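Presented below is the structure to which this report refers.
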């Protein structure tokens, strides 16, 4: 990992809980991660693992009073964002940290033109004369690869295609040159061809402006092409973290291993796909001990009762599975 | 496939020159001002016990093809031969009989189950429709079907909201199987599911195929999934099949620039190379330009692509493409 002074955002032991009819659900249960300057970090996980909630916490967007950050801190350039008053958060939101959401059609306002919406983002944070704002909008649309930007500024969201809408969202997010861009499944709703265009766009913009990207997705294939480091989440926990290369080549957690093995590909044709049995546990009723033990092939008696600690494999590779760790270090007798 | 290459009786389903045009109505009098050629001359066949993967971007006409195969839409041209018989000529009870043979599994397991019907009732509905009147028998068969797709006996009386996405998809599969079909159209059956659940459903579909000799028309935009499950693959673009052939041939020796572009934009897990995207958007299907439909985005475009429409022709054994340059690719 990079030296400590390059760290842009550091989340420490974050816990977020939601009240529901079923009781209190710990959506995020002690999550720590870091993002350095100019880096693309991915959080990967299945639905309900807490990846989106982690991202929303950074921007102070957890719906209150249902949800609440119950523990931990979020340090952005040394400033703790947890418990910060709304006014100071608004100065950061959109200006220093911006977000792109999964469904561009629901994130854009249908009754305002694209131009109005991008201009709004700029006007909130900067006092610029109108013509300057207009100039900025035009160059942003050009930057994100929208053809004839002058005309598109007058368009309403429904007049654009899905890919163009996502480009507009990215333009809006980049309007104030944020230092951190959070992208929550930005390509999940798009076709593969459009997805690859958006991924390339993000990579180009990152190179040009040095923006850090926190990319949240369930798609391991996308991750391998863009991330420098990966955090794998399961049931509100980070279960493994490492560089992209190590996650794909020498994963040390049964869940990550299971996910990678279960990916369909042409090379596995005719074979049974090794799938992870069972389903993701309900956040309100997570199993005792290691949350993955009911689905895990390596589970031993202690996994049912003991909460697994992070095991360090060196070079920033951590995995929350003591069973595999001991077998690797020669203390255990399991494979 | 082209008519001269088909051998009646060998394949379960043959589609020849299938067309569906939707009118575009404008103004107060709702005059037809143009046509959207959603499906414009589609040929393929599905063999008994095999899987045909149908891939393409959204709006290319994949789902319209599926709906015509079930007679949920009437074709505007071409033939759909199911066991040698054109289904477009069927009426009344014959359509019912067709739907006993051809079933569909939908993409969205949340939208495709009636929230007021228990899992058992949803599956039982099919049995009732094919005229099994004995309640005891129906119940026993439903329980057998639920067990077959990996759901416990208690599931019978539970309602859709009590199940997870993967389990709901299993109910959808049990419902499709209830009438003992030969062909199942799977319209994006795993794209709404989590990664770890996707593999479970794909395995289930594969096992059922082996056990009952089912044929699948597997519609998907995910080439990794299609490559895994399909024997043959058809690539669709703006209502045309651009390339059609055995899965391995198509992935390794594609003869069409669109297929190649599609393949190169697919992220592969574990690979770190940058993805090469295809520029531009899918053009509007309303009044497309003359000539090849892919001309606007094709890296190999030349003058004749803009003037003449090219037909589908054979470029190898069971391998067809719609491109002038296919022989040189």
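Chains as they are written, first to last, in my numbering: chain G, 5 to 339; chain P, 284 to 612.
Even glycine gets a Cβ: it sits at the ideal position worked out from N, Cα and C.
Computed from a prediction, not measured in an experiment: that's the story for all the values here.
Reduced DSSP category for residue i - H, G, I as helix; E, B as strand; rest coil
i	result
residue 470 of chain P	strand
residue 432 of chain P	coil
residue 515 of chain P	strand
residue 569 of chain P	strand
residue 368 of chain P	strand
residue 290 of chain P	Residue confidence for residue 290 of chain P is low, a pLDDT of 44 falling below 50, so the modelled location carries little weight; the figure read from the coordinates is stated next. In the structure shown, residue 290 of chain P sits in coil (DSSP, three-state: anything other than H, G, I, E or B).
residue 616 of chain P	No answer is possible for residue 616 of chain P: the residues shown for chain P start at 284 and end at 612.
residue 449 of chain P	helix
residue 92 of chain G	helix
residue 143 of chain G	helix
residue 14 of chain G	strand
residue 186 of chain G	strand
residue 336 of chain G	Reliability of the predicted coordinates at residue 336 of chain G is poor, the pLDDT of 45 falling under 50, and no value is obtained from them.
residue 138 of chain G	helix
residue 158 of chain G	coil
residue 302 of chain G	coil
Sub-8 Å separation of residue i and residue j beta-carbons
i	j	result
residue 353 of chain P	residue 385 of chain P	yes
residue 482 of chain P	residue 266 of chain G	yes
residue 234 of chain G	residue 245 of chain G	yes
residue 560 of chain P	residue 197 of chain G	yes
residue 338 of chain P	residue 518 of chain P	yes
residue 446 of chain P	residue 469 of chain P	no
residue 434 of chain P	residue 453 of chain P	yes
residue 541 of chain P	residue 577 of chain P	yes
residue 51 of chain G	residue 505 of chain P	no
residue 182 of chain G	residue 100 of chain G	yes
residue 63 of chain G	residue 22 of chain G	no
residue 514 of chain P	residue 530 of chain P	yes
residue 190 of chain G	residue 57 of chain G	no
residue 17 of chain G	residue 76 of chain G	yes
residue 479 of chain P	residue 280 of chain G	yes
residue 207 of chain G	residue 557 of chain P	yes
residue 426 of chain P	residue 436 of chain P	yes
residue 442 of chain P	residue 398 of chain P	yes
residue 431 of chain P	residue 538 of chain P	no
residue 268 of chain G	residue 511 of chain P	yes
residue 46 of chain G	residue 221 of chain G	yes
residue 14 of chain G	residue 38 of chain G	yes
residue 106 of chain G	residue 215 of chain G	no
residue 496 of chain P	residue 332 of chain P	yes
residue 363 of chain P	residue 369 of chain P	yes
residue 248 of chain G	residue 320 of chain G	no
residue 288 of chain G	residue 177 of chain G	no
Boundaries (first-last residue) of the beta strand (DSSP E) holding residue i
i	result
residue 316 of chain P	314-330
residue 305 of chain P	294-309
residue 75 of chain G	71-80
residue 104 of chain G	101-104
residue 148 of chain G	Residue 148 of chain G -> no beta strand (DSSP E), and no H or E assigned at all.
residue 337 of chain P	334-338
Host alpha helix (DSSP H) of residue i (start-end)
i	result
residue 590 of chain P	586-590
residue 534 of chain P	530-535
residue 168 of chain G	166-178
residue 542 of chain P	540-547
residue 119 of chain G	118-129
DSSP bridge partner residues for residue i (one or two, in chain order)
i	result
residue 315 of chain G	G:323
residue 330 of chain G	Bridge partners of residue 330 of chain G: none, in fact.
residue 603 of chain P	P:527 and P:597
residue 110 of chain G	DSSP output for residue 110 of chain G lists no bridge partner at all.
residue 520 of chain P	P:523
residue 362 of chain P	P:299
residue 555 of chain P	BP columns for residue 555 of chain P are empty, so no partner.
residue 97 of chain G	G:101
residue 83 of chain G	G:80
Chain C within 8 Å of residue i, Cβ atoms only
i	result
residue 534 of chain P	Of the chains in the structure shown, none is chain C; the protein chains are G and P.
Minimum length 4: unbroken alpha helix (DSSP H) runs contained in the stretch 456-510 of chain P = Counting only runs of 4 or more, we get 478-495.
query = What are the complete beta strand (DSSP E) segments, minimum 3 residues, inside the stretch 188-270 of chain G?
reply = Assignment of beta strand (DSSP E) within the stretch 188-270 of chain G, counting only whole runs of 3 or more residues, yields 216-221, 233-238 and 241-247 in chain order.
message = Restricting to runs no shorter than 3 residues, where is the beta strand (DSSP E) found entirely within the stretch 17-61 of chain G?
response = Whole beta strand (DSSP E) segments, 3+ residues: 27-40 and 44-48.
request  = Output the residue ranges of the alpha helix (DSSP H) runs that lie fully inside the stretch 367-420 of chain P and measure 4 residues or longer, sorted by chain position.
outcome  = Within the stretch 367-420 of chain P, the alpha helix (DSSP H) runs of at least 4 residues that lie entirely inside it are, in chain order, 376-384 and 402-412.
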